[in-house]
Amino acid sequence: MPPKKWSMYPSLHDDVSCLLEEENLYFDFREGDNPQGCSKEYDSHIMGRFTCHNPKCSSKGWSSKKISITIRMYPGAKYNARMDHMRKELHTVSKNGLEYIWRCRGPLAEAKVRTMSIYAKDAKLSPIAIITDRRREKAMEQLTSKRPVW
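First residue of the sequence shown? That's 682 in the working numbering, and the numbers climb one at a time after it.
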């Protein structure tokens, strides 16, 4: 059986919820990757820096500016998100939790409240919610102290 090309991260739901609660928004994570019954679907990308854990590899890591993520909203204030795996030389699967958390927050907040949005430099990317640098920096410090970025 070929390896999975994507993953869902219900374990990151608490971190997504913390960001949404700042906007008085409350969502539950919906298990299972099934588009049936979803009310909205957002395809976007995240960026990430990845560490290579292969002792035979001379590279310390790599970065990517386009890792696909699909965020689906369902009736009853539920959502799920699946993020494609990032492969280095077709062997190592890596993930980036912090960008996942921030990317999930944007579409969920925009769907529930009126927020300002900007487009990323690449016009093909979905809008991301504007968060002041100070709030984002503080939240990132809290998140990185709780859980390592993959």
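Glycine residues also receive a C-beta, built at the ideal position from the N, C-alpha and C atoms.
Please read all numbers here as calculations on a predicted model, not as lab measurements.
Between residue 707 and residue 758, the CB-CB gap stays under 8 Å. Closest in C-alpha terms to residue 715, from the list 725, 686, 761, comes 761. DSSP places residue 749 inside the beta strand (DSSP E), whose first and last residues are 742 to 755. In the DSSP assignment, residue 765 falls within the unbroken beta strand (DSSP E) covering 759 to 765. For residue 739, there is no enclosing alpha helix (DSSP H), as DSSP marks it with neither H nor E. In terms of Cβ geometry, residue 693 and residue 786 do not form a close pair [threshold 8 Å]. The three-state secondary structure of residue 720, taken from DSSP, is coil. Residue burial annotation: residue 709 is exposed, with fewer than 16 other C-beta atoms found within 10 angstroms of its C-beta.
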